[in-house]
Amino acid sequence: MKLSHCALAVHDVDQALGFYRDVLGFEVRDDAETEGTRWVSVCPPSQPDVRILLRSSGADPGVPQADRRVIEDLLAKGLLGRLVFVTGDCDATFRRLESAGAEVMQEPKTRADGTRDCAFLDPSGNLLRFTQQAA
Numbered sequence: 072m073k074l075s076h077c078a079l080a081v082h083d084v085d086q087a088l089g090f091y092r093d094v095l096g097f098e099v100r101d102d103a104e105t106e107g108t109r110w111v112s113v114c115p116p117s118q119p120d121v122r123i124l125l126r127s128s129g130a131d132p133g134v135p136q137a138d139r140r141v142i143e144d145l146l147a148k149g150l151l152g153r154l155v156f157v158t159g160d161c162d163a164t165f166r167r168l169e170s171a172g173a174e175v176m177q178e179p180k181t182r183a184d185g186t187r188d189c190a191f192l193d194p195s196g197n198l199l200r201f202t203q204q205a206a
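Here my numbering = 1-based position in the sequence shown + 71.
In structure tokens:
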């Protein structure tokens, strides 16, 4: 068994696509519309078999409007989506993303076990952590 897809709720699919493609350098795998809802899948170039689905937070037509508002509120607070990526150089990744205008949540920090990491928010408030394994 292996992971194939994961999904992130986003406020604006085009804005999210711009971030994941242009800032993170991910490749676009699919750009589709189903039942009037657009979604895009992207993947890191080093993992073409793992897709991250970017879809509107209100994409599921079965979700009541009141629940959609709750989802939007949680998303805006950064409490829904979280992804962790492994990087070979946490500091270089931090500098690149910060210079691209990504919202910094945590500057590079070395943990007690020697792991170094930093964190950003994507344009929708999803937390992205970038971890460099201890030497």
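The beta carbon of each residue, even a glycine, is placed where N, CA and C say it ideally should be.
Taking ASP101 as reference, the option from HIS76, ALA80, VAL94 and VAL81 with the minimal CA-CA separation is HIS76. Per DSSP, GLN203 is not a residue of any alpha helix (DSSP H); the beta strand (DSSP E) it occupies stretches across 198-203. Note that the C-beta distance between ALA87 and VAL94 is not below 7 Å. In the structure shown, GLN177 adopts extended strand secondary structure according to DSSP, grouped into three states.
Restricting attention to beta strand (DSSP E) runs no shorter than 3 residues, the stretch 134-196 encloses them at 153-157, 174-181 and 187-192, ordered along the chain. According to the DSSP assignment, ALA87 belongs to the alpha helix (DSSP H) that extends over 84-89. Distances from the CA of PRO115 to each of THR186, ARG182, LEU154 and ARG126 were compared; the closest alpha carbon is that of LEU154.
7 Å or more divides the Cβ of LEU150 from the Cβ of MET176. For ASP101, the three-state secondary structure derived from DSSP is strand. Note that the C-beta distance between GLN203 and ARG182 is not below 7 Å. Taken atom to atom, the span from the alpha-carbon of PRO179 to that of CYS189 is near 4 Å. Residue pairing by DSSP places ALA78 opposite LEU124 in a beta bridge.
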